[in-house]
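Working notes for the structure below.
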Amino acid sequence: MAFPTNSVANPRAVISGPKYRFTILTDFLIRYEWASDGCFEDRASTFAINRHFPTPQFRVVDNDGNLEIIADNFHLCYDKQRFSPAGLNVHFNFKYTNWGAPWQYGLDEELNLGGTARTLDLCDGRCDMGKGVISKAGYAALDDSTSMLFDGDFVAGRKPGDRIDGYLFCYGHDYKAAMKAFYSVSGKQPILPRYALGNWWSRYYAYHQDGYVQLMDEFRARDIPMSVAVVDMDWHLVSDPSVPHAGWTGYTWDKKLFPNPKQFRRDLHERHLKITLNDHPHNGIHSHEDAYKEMAKALGHDTGEKRPIIFDPSNPKFMKAYFEILHRNLENTACDFWWIDWQQGPYSKVPGLDPLWLLNHFHYLDHGRDGNTTPLIFSRYAGPGSQRYPVGFSGDTVVTWDSLAFQPEFTATASNVGYGWWSHDIGGHIFGGRDDELVTRWVQLGVFSPIFRLHSSDSKWNSKEPWMYRSEYKKVMSSFMRLRHRLVPFLYTCNVVGSIENEPLVQPMYWMFPDSDQAYVFPNQYIFGSKLLIAPIVDPRDKTTNLGAVKAWLPPGPRFVDIFTGQLYDADREITFYRRLEEYPVLSRGGTIIPMDASPAPGNGCLNVEAFEFLVVIGNDAEAIVLEDFEDDAPNSTAGQGQRKFAVHFNQADGKLTAESIDRPSKFRFVSLTSIPDNLKIYCDGIDRTKEVKVSVEEGCQAPGLVIECSFSKIGHCITIELGPNPQLSVMNPMRRLEPLIMDYQCEFEIKDKLWKVVADHMKRVNAMIGTLLSLGYDDSIVGPVFEQLLADSRLCSPFAKRT
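Under full-length UniProt numbering, the first residue of the sequence shown carries the number 1, and numbering increases by one thereafter.
This is the structure in structure tokens:
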């Protein structure tokens with residue numbers, strides 16, 4: 001299968017000797033090679049598929065025993081011997097190195113900010129995340145010495161011998177530039193099909209096909225949308241007497257469970273669901289399999305003794321039959337894309353050929369073979385370059401708070417090696433115990449993760465249907481799963497734009513604020529879709545206040561608004577957020593527009609929405625675009641081709657919002673704007689339609705806000721909303737939130753009375769109130785939520801503040 005590469009560097013960028021070669025790829029990226037036999041590698045590797053760039057400016061000083069390469073941003077010194085810390089080093093012309101120290105080949109980079117791991121199997125808490133290509137030191141090296149190579153239409157191992165092949169990224173603290181260089185060499189993250197961004201159902205369980213369809217109908221009956229139906233290994237024969245092995249590998253439908261798999265496909269496709277089947281290919285094809293004889297004929301395999309056909313990914317002929325016979329027959333029956341569950345390590349018959357890499361690469365190419373289907377696979381991470389083959393399966397995590405606590409950092413840090421589409425087992429998979437709150441907080445994290453996939457073991461006690469949990473938790477889990485689908489217009493646009501502009505959906509805080517110490521101190525906090533700050537709650541609620549808590553950092557710049565509570569927060573500070581179970585700390589800057597599905601209960605499949613809701617946070621100029629594919633529910637729709645584009649702009653000085661080319665009804669929710677402007681005007685294509693539009697101020701279960709509902713649906717029209725010059729977010733009265741919070745405290749009435757008296761008596765003197773609260777001597781868990789509300793917005797202390 002053809003795979004385009006451009007791996008031969010511009011000759012003018014190359015400096016070489018008998019056993020060494022340096023390639024100056026960019027002003028900040030150097031490839032360094034050592035080969036004891038003088039034979040260097042120009043074929044593409046799993047990491048590097050493009051090395052041909054415009055030649056940067058540099059000069060070379062070549063003496064008998066020393067080589068220097070001097071450019072504007074670095075100075076490389078080399079002793080022409082086998083690479084060593086003393087013999088190969090690079091000095092930099094920027095200030096971010098560790099006390100001005102150079103990079104020295106082979107020394108451990110202690111300030112490296114990490115990458116990701118092949119799997120989280122059996123992980124209960126932290127794991128080693130390896131190295132990424134960014135570092136607080138300002139430089140980071142990536143060793144590519146042992147990776148596979150692309151050789152024609154197939155792959156090959158590297159030549160034997162003493163060889164070093166590495167890349168030095170020297171971008172200072174311009175982390176985003178380092179990642180753009182990474183993607184330019186290694187390949188971009190491709191665009192995902194829209195359906196991948198919705199809710200996935202997955203469980204290791206022997207479903208009957210009718211029961212699976214009934215389960216999907218149960219979700220629909222409860223207004224919980226789904227988009228992907230994952231079928232774990234029990235779709236094929238597992239424990240049948242005809243299976244001569246442990247049963248993990250299989251390619252024959254279990255007719256007791258799936259008597260009519262084509263009907264199963266029709267049933268799920270009618271419900272706008274895509275199907276992925278689990279494949280453990282390591283045991284090969286045994287004689288009981290339906291495809292055994294056809295595979296044997298294609299491979300010239302003798303069937304006389306019914307010997308199994310060994311899984312051999314290093315054999316091009318086997319791989320051709322593997323796809324064109326074994327998998328194609330199953331795809332034509334009931335499989336939209338594959339879950340490749342390889343767990344057997346990086347070894348094959350050919351040294352250096354990693355079966356996981358082979359499977360990921362060729363499965364992805366095969367899925368997109370017709371040029372019309374947006375390819376997708378579901379598999380484990382195989383190393384740098386894996387970003388080209390989304391989506392990642394992170395493995396079987398343990399059901400504990402420690403597992404939950406590590407996943408936000410793990411997901412964000414993976415962006416340091418370009419890997420932006422992790423899918424985790426939401427709620428955990430194995431061990432642990434029943435904890436409804438844990439699963440609920442995990443679901444909330446999942447909504448603000450790259451991929452949302454519920455998963456669990458076959459234990460009857462560990463399934464993730466929301467209605468199997470206590471009422472309080474069921475309600476929240478269901479609500480957040482609806483929210484995930486409501487966010488699809490935002491998520492899909494981020495997906496397309498992120499692929500083009502090299503922006504992973506989830507990014508560590510230090511990508512945006514590399515020179516702020518706090519950005520490194522809060523690794524669990526991250527930026528989501530470039531517009532939202534997420535501070536995950538990963539600890540149980542306090543038993544007295546019934547509130548979950550998380551300490552967070554709000555970086556400098558415009559103030560923030562919590563989109564769940566409507567509370568405003570001053571920027572450039574550390575703060576502890578306290579949240580009820582139904583709330584989650586998701587903050588946006590003043591000057592943000594988030595496109596959403598207006599339906600409170602979207603349908604299955606992530607289809608283009610029937611009406612938009614735009615979440616608008618005023619305070620600064622803002623812009624949002626919405627991208628959609630035409631006929632996104634067509635069988636062979638291709639992401640990124642034939643797209644509609646809508647744009648919404650907000651001008652703070654004029655207080656004017658303009659929505660261009662909107663072709664369906666739209667709702668505009670101005671968060672934390674709690675009154676209707678006196679001179680509010682709404683125009684459609686220049687005609688005043690103010691009197692025809694529904695305008696209200698809504699509170700209740702959502703953040704308070706001004707809501708303007710425009711039912712216009714003329715194709716290509718332009719909506720203009722005028723709020724008046726320089727509108728400001730409302731100052732929230734802390735008593736609005738504090739009263740229900742304190743009401744819910746499970747403590748003595750006397751404590752509540754004292755708290756409330758202090759708040760009520762001192763509302764006009766916030767500083768005095770804080771001192772009085774401290775003097776009560778109560779635990780932080782009790783007074784902390786009060787402090788949060790009092791100190792959130794400094795305007796509250798102003799005697800001229802109008803509180804709502």
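Glycine included, every Cβ here is placed at the ideal spot set by N, Cα and C. The structure presented is a predicted model; accordingly, all values stated were derived computationally and were not measured.
Sequence-distant partners of I742 (beyond 5 residues in either direction) whose C-beta falls short of 7 Å from its own C-beta, in its chain, are K752, L755, W756. Nearest in C-alpha terms to V671, of all of E613, E692, D688, is E613. One alpha carbon belongs to S666, the other to C710, and they sit about 5 Å apart.
The UniProt domain "Glycosyl hydrolase family 31 C-terminal" (503-594) contains, as complete beta strand (DSSP E) runs of 3+ residues, the segments 506-508, 526-528, 532-534, 548-554, 560-562, 573-579, 586-589 (chain order). Non-local beta-carbon contacts of D562 in its own chain, meaning distances under 6 Å to residues more than five positions away in sequence, involve L587 in chain order.
Secondary structure at H288: coil, using DSSP grouped into helix, strand and coil.
Straight through space, the alpha carbons of A760 and P225 are spaced by roughly 44 Å. Annotated three-state conformation of L192 is coil, per DSSP. With contacts defined by Cβ atoms closer than 8 Å, G566 and M732 form a contacting pair. Relative to the Cα of M769, the nearest Cα in the group S661, Q789, R220, L376 belongs to Q789. Residues of the same chain with a CB within less than 6 Å of the CB of T720, apart from the 5 flanking positions on each side, are T658, Y683 in chain order. DSSP assignment within the segment 242-305 yields the following whole beta strand (DSSP E) runs of 3 residues or more, N-terminal first: 274-279. When C-alpha distances from F406 are compared across R736, P523, A156, P316, the shortest belongs to P523. In this structure, DSSP gives L791 a helical state, which the three-state scheme calls helix.
For the pair of segments examined, the segment 138-153 was found to touch the segment 40-53: the number of CB pairs separated by less than 8 Å reaches three. Counting of Cβ neighbours within 10 angstroms places Y389 among the buried residues, the total reaching 16 or more. In this chain, V497 is not harboured by any beta strand (DSSP E); it is covered by the alpha helix (DSSP H) spanning 488-501. With fewer than 16 other Cβ atoms from the protein chains shown falling within 10 Å of its own Cβ, T303 counts as exposed. Here the C-alpha atom of Y167 lies approximately 40 Å from the C-alpha atom of D621. In this structure the segment 180-190 does not lie against the segment 341-358, because fewer than three pairs of beta carbons, one per stretch, are closer than 8 Å. Between the C-alpha atoms of A792 and D570 there is a straight-line separation of about 6 Å.
With fewer than 16 other CB atoms across the displayed protein chains lying within 10 angstroms of its CB, W461 is exposed. Cα atoms of G300 and P313: separation of roughly 16 Å, rounded to the nearest angstrom. According to DSSP, residue pairing for D688 in a beta bridge involves Y683. In this structure, the CA atom of C77 is about 24 Å from the CA atom of D42. Rounded to whole angstroms, the Cβ separation of T249 and G284 is 7 Å, and the two are in contact under 8 Å. Taking the CA atoms as reference points, I593 sits about 17 Å from D654. With a threshold of 16 other beta carbon atoms within 10 Å, W467 falls short and is exposed. Relative to A703, the option among V695, T674, D688 whose CA is nearest is T674.
The bridge partners DSSP lists for T333 come to none.
Pairing D108 with P355, the inter-Cα distance amounts to about 29 Å. A distance below 8 Å separates the beta carbons of D663 and S713.
At a Cβ-Cβ threshold of 8 Å, L25 and A9 count as neighbours.
Remark: three or more beta-carbon pairs, one from each stretch, lie closer than 8 Å, so the segment 155-169 and the segment 133-142 are flagged as touching. Note on the segment 308-385: whole beta strand (DSSP E) runs with a minimum of 3 residues are 337-340, in chain order. A distance below 6 Å between beta-carbons, with the five flanking residues on each side excluded, links R737 to the following residues of its chain, in chain order: Q789.
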